[in-house]
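S.K.:
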Amino acid sequence: MKIFIAGATGATGRLLSKSLYAQGHDLNVVVRSAERLPDSLLGQTRVNVTEAALFDLSDAELAQQVRDCDAVALCLGHNLSLKGIYGQPRRLVTEATRRLCAAIRVHSPQKPVKFLLMNTTGNRNRDLAEPISFAQHCVIGLLRLLLPPHPDNEQAAEFLRAQVGQDDAMIEWVAVRPDGLIDAAEVSAYTLHPSPTRSAIFDAGKTSRINVADFMSCLIEDAELWDHWKGQMPVIYNEEA
């Protein structure tokens with residue numbers, strides 16, 4: 001398969017890129033610096049690298065990037081710095097989601113393209129009316145006001161839920177919601193749930209980035225797994241010992 005990855009030099013995007021390449025897929029990646037890609041991807045004929053900021057590409061250039069792709073994976077996130085959190089673009093993930101979906105539609109693909117969004121358990125799936133406590137509701141309200149990345153993640157997932165929806169002929173989607181992200185050297189056991197089973201604010205679980213990459217890779221490769229989760233926002237936790 002041919003797969004476009006946005007955020008391929010990020011902490012999770014690097015792991016996803018390595019996994020998909022090792023499984024024999026062709027990759028299209030747009031990165032600010034090719035030197036930040038995993039060494040195993042540099043100079044490979046199955047990896048097409050464009051050095052640019054994603055938002056510097058025109059609509060036509062972005063459409064060319066996703067042309068003939070079977071899947072698009074969005075692993076972008078805000079840098080944990082003052083500039084990354086409060087600088088522009090404030091709607092980094094939302095705008096990337098919108099533009100990539102528009103780019104997919106340019107080519108009127110004969111079969112739906114898989115769109116995978118890396119999201120967060122702090123975001124609720126409105127289709128399931130997921131309950132949260134009053135205290136968590138208050139905290140999330142503050143996060144929306146004080147931390148722009150939080151509403152950005154919410155709005156990106158909401159775009160897929162409300163604007164793309166469940167029956168789109170060109171795009172199928174899954175928004176993967178990890179809990180507190182941690183680093184790990186190897187894939188470990190993890191559990192998947194339609195909704196959070198614990199409070200993202202007051203009882204957060206742990207999810208290793210390599211497990212997120214493994215799940216996203218499996219979604220792309222496994223048609224049965226994809227059919228089970230498409231149009232949903234699965235929550236992923238590391239399995240507790």
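Throughout the sequence shown, residue numbering follows full-length UniProt numbering, covering 1 to 241 in sequence.
Ideal placement from N, C-alpha and C gives every residue a C-beta, glycine not left out.
Let me confirm a value: Phe134 is counted as buried when at least 16 other C-beta atoms fall within 10 Å, else exposed. Which label applies?
M.R.: The residue given as residue 134 occupies position 134 in the sequence shown. Its Cβ having fewer than 16 others within 10 Å, Phe134 is exposed.
S.K.: What do you get for Leu82, buried or exposed, if any count of 16 or more other CB atoms within 10 angstroms of its CB means buried?
M.R.: The residue labelled residue 82 in the question sits at position 82 within the sequence shown. Low confidence applies to Leu82: its pLDDT is 48, below 50, so where it sits in the model is not reliable, and the reading given next is rough at best. Exposed.
S.K.: Would you report the Cα separation of Gly84 and Ile104, rounded to the nearest angstrom?
M.R.: Sequence index remark: in the sequence shown, residue 84 carries index 84 (1-based). Sequence index remark: in the sequence shown, residue 104 carries index 104 (1-based). Because the pLDDT of Gly84 is 49, which lies under 50, any placement of that residue in the model is unreliable, and the question is left without a value.
S.K.: So the candidates are Gln232, His25, Ser188; which of them puts its Cα closest to the Cα of Asp167?
M.R.: Here residue 167 corresponds to residue number 167 of the sequence shown, with the count starting at 1. Closest by alpha carbon: Gln232.
S.K.: Measuring alpha carbon to alpha carbon, tell me which of Ala184, Glu130, Ile182, Val174 ends up nearest Thr197.
M.R.: If you number the sequence shown from 1, residue 197 lands on position 197. Residue Glu130 is the option with its Cα nearest to Thr197.
S.K.: Spell out a yes or no on whether the region 90–100 and the region 140–158 are touching, meaning 3 or more CB-CB pairs, one atom from each, closer than 8 Å.
M.R.: Cβ pair count under 8 Å is three or more, so yes.
S.K.: Taking buried to mean at least 16 other C-beta atoms within 10 Å of its own C-beta, is Ala22 buried or exposed?
M.R.: Here residue 22 refers to the residue found at position 22 when the sequence shown is read from its first residue. Exposed is the call here.
S.K.: Short of 6 Å in beta carbon distance, which residues of its chain neighbour Tyr190, apart from the five on each side in sequence? Order them along the chain.
M.R.: Against the sequence shown, residue 190 aligns to sequence position 190. Taken in chain order, the residues that qualify are Asn211, Ile236, Asn238, Glu239.
S.K.: Measuring CA to CA, which of Cys218, Ile132, Leu74 is closest to residue 304?
M.R.: Because the chain spans 1 through 241 in this model, residue 304 falls outside it and cannot be assessed.
S.K.: Do you know offhand how far Arg99's Cα is from Thr120's?
M.R.: For the purposes of this step, residue 99 is taken as the residue at position 99 of the sequence shown. For the purposes of this step, residue 120 is taken as the residue at position 120 of the sequence shown. Their backbone Cα atoms lie some 20 Å apart in a straight line.
S.K.: Looking at the strands, I want to know which residues DSSP matches up with Lys230.
M.R.: For the purposes of this step, residue 230 is taken as the residue at position 230 of the sequence shown. Its beta-bridge partners do not exist; DSSP assigns none.
S.K.: Taking the straight line between their C-alpha atoms, what separation do you get for Asp160 and Trp173?
M.R.: Translated into the one-based positions of the sequence shown, residue 160 becomes position 160. Translated into the one-based positions of the sequence shown, residue 173 becomes position 173. Rather than Asp, the amino acid found at residue 160 in this sequence is Leu. Cα-Cα distance, rounded: 7 Å.
S.K.: Per DSSP, Gly122 forms a beta bridge with which residues?
M.R.: In the sequence shown, residue 122 corresponds to position 122, counting from 1. Beta-bridge pairing links Gly122 to no other residue.
S.K.: Between Leu16 and Ala73, how many whole angstroms is the CB-CB distance? I'm expecting something under 8 Å.
M.R.: As a working mapping, residue 16 is identified with position 16 in the sequence shown. As a working mapping, residue 73 is identified with position 73 in the sequence shown. Going by Cβ atoms, the distance from Leu16 to Ala73 rounds to 6 Å, so yes, they are a contact pair.
S.K.: DSSP on Phe159, reduced to helix/strand/coil?
M.R.: Numbered from its first residue, the sequence shown carries residue 159 at position 159. Helix at Phe159.
S.K.: Note down the Cα distance separating Asp70 from Lys18, rounded to an integer number of angstroms.
M.R.: Locating residue 70 in the sequence shown gives position 70, counting from the first residue. Locating residue 18 in the sequence shown gives position 18, counting from the first residue. Answer to the nearest angstrom: the Cα atoms are 17 Å apart.
S.K.: Between which residues of its own chain and Asn125 is the CB-CB distance below 6 Å, once the five residues before and five after are set aside?
M.R.: Locating residue 125 in the sequence shown gives position 125, where the first residue counts as 1. Taken in chain order, the residues that qualify are Met233.
S.K.: For Gly13, does the three-state DSSP call read helix, strand or coil?
M.R.: Numbered from 1 along the sequence shown, position 13 holds the residue referred to as residue 13. It is helical.
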